[in-house]
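Residue numbers for the sequence shown follow numbering that gives the first Met the number 0, so the first one is 0 and each next one is one higher. Glycine included, every Cβ here is placed at the ideal spot set by N, Cα and C. Given the structure is predicted, the values throughout are model-derived calculations rather than measurements. First comes the structure, then the notes that go with it.
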Amino acid sequence: MAKTVKKADRAIMIALQIDNVDVRFGGLQVLTMCRLSIEAGEKRAIIGPNGAGKTTLFNVISGIIMPSAGKVLSFDQDITRSPAHVRAMHGLARTFQITNLFNNLSVLENIILGLQALTSTKYIFYRTTSSFTELIDNAVSLLRTWGLEDKKDRPVRSLSHGEQRQLEIILALASRPKILLLDEPTQGLSTAETALVVPMVRSLDPSTTVLFIEHDMDVAFQMADKITVLYYGSVLAEGTEDEIRGNPNVAEVYLGLEGDNA
Ligand SMILES: Nc1ncnc2c1ncn2[C@@H]1O[C@H](COP(=O)(O)OP(=O)(O)O)[C@@H](O)[C@H]1O
Ligand SMILES: [Mg+2]
């Protein structure tokens, strides 16, 4: 049974708790006493200047790097030392800041590979024809749900950056994650391409907890319920749009950084 807290007579489950996490790379302290608590179903943006430690925080949550101190809990389970694949099995999925697709394969082939990696038939290629047909059907259905079915036979390299970002999110969704981490899903996208990704994040299942890193504060506000501002590896501020916009410390950090605040 996951930990719950009472809030306005409502029992709230904590999907993710980051408890005083420190990360050091040699002499460089990248996260310092970092604390974060994300409710189940919440859509939370992590913003902050370049080098603030946002991607490092995602690496700690997904098990790519171990913190030097502190704890990571998911639904009250201590996962601080759990390997990345164990976290994935427990419902954590993520995308990366740098795209992670097979560019010369088709959209459908990328999805099939992603789905196949999730099934027990992983190393047994196409055990039966019907199981392969089922795999294709599932892949096509995922693409249809997210409006990319008509691009299924196109090589990934021919898609726009926005469509490639969409495809990465679709791949992360294939495992039906409880917690989804998106590292800068709109990075490098034009305004028109960003307009493809924003509604997609907004229309994710309300029960899915989503944590995303976003360099554009306005875009972050469009997609998030709450925002956490990371600054030099610690949480500088946290709150709703009004609270963040009205916070003098945040204004100071962002003043003069506009356009260079990724
Ligand atoms: N594996 C690593 N080894 C050494 N330094 C790292 C490593 N990963 C990140 N850093 C450093 O940690 C700081 C924070 O990086 P990062 O988490 O990528 O920031 P952000 O995503 O907020 O831009 C940067 O100074 C970066 O150079
Ligand atoms: Mg980053």
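Taking its Cβ as the centre, do 16 or more other Cβ atoms sit within 10 Å of residue i, making it buried, or is it exposed?
i    : result
A116 : exposed
M88  : exposed
Q76  : exposed
A44  : buried
F101 : exposed
A236 : buried
I97  : exposed
E251 : exposed
A10  : exposed
T227 : buried
P198 : exposed
A130 : Ala is not the amino acid found at residue 130; the sequence shown has Ser there. That one is exposed.
R143 : exposed
S202 : exposed
Nearest by alpha-carbon distance to residue i: which of the options is it?
i    : options                : result
G25  : N58, P66, P198         : P66
E167 : D217, S202, A92        : A92
A14  : L142, T185, L72        : L72
A83  : Y230, F57, F74, L141   : F57
L181 : K42, L229, R143        : K42
Q221 : E240, Y231, Y230, V234 : E240
How is the alpha helix (DSSP H) around residue i delimited, first residue to last?
i    : result
K53  : 53-61
L166 : 160-172
F220 : 216-222
R86  : 83-88
R284 : Outside the modelled stretch of the chain, which goes from 0 to 261, sits residue 284, for which no answer is possible.
R201 : 190-201
I think residue i touches residue j, with their Cβ atoms under 8 Å apart; what is that distance to the nearest whole Å?
i    : j    : result
A219 : I46  : 5 Å
I110 : L170 : 7 Å
K53  : I212 : 5 Å
L104 : P184 : So it is not a contact: roughly 21 Å between Cβ atoms.
V59  : V85  : In fact, because the Cβ distance is near 15 Å, the residues do not count as touching under 8 Å.
Quick one: does residue i have its CB under 9 Å from some CB of chain C?
i   : result
I60 : Included in the structure is just one protein chain, with no chain C present.
Output the boundary residues of the beta strand (DSSP E) element that contains residue i.
i    : result
Q28  : 27-38
A114 : The displayed chain sequence assigns Leu, not Ala, to residue 114. Counting along the chain, L114 falls outside any beta strand (DSSP E), though it belongs to the alpha helix (DSSP H) covering 106-117.
query: Between the segment 180-190 and the segment 19-35, do at least 3 Cβ pairs fall closer than 8 Å?
result: no
message: Contact between the segment 172-180 and the segment 206-216 is defined here as three or more beta-carbon pairs at a separation below 8 Å; is this criterion met?
response: yes
message: Taking contact to mean 3 or more Cβ pairs, one atom from each stretch, closer than 8 Å, check whether the segment 153-162 and the segment 132-143 are in contact.
response: no
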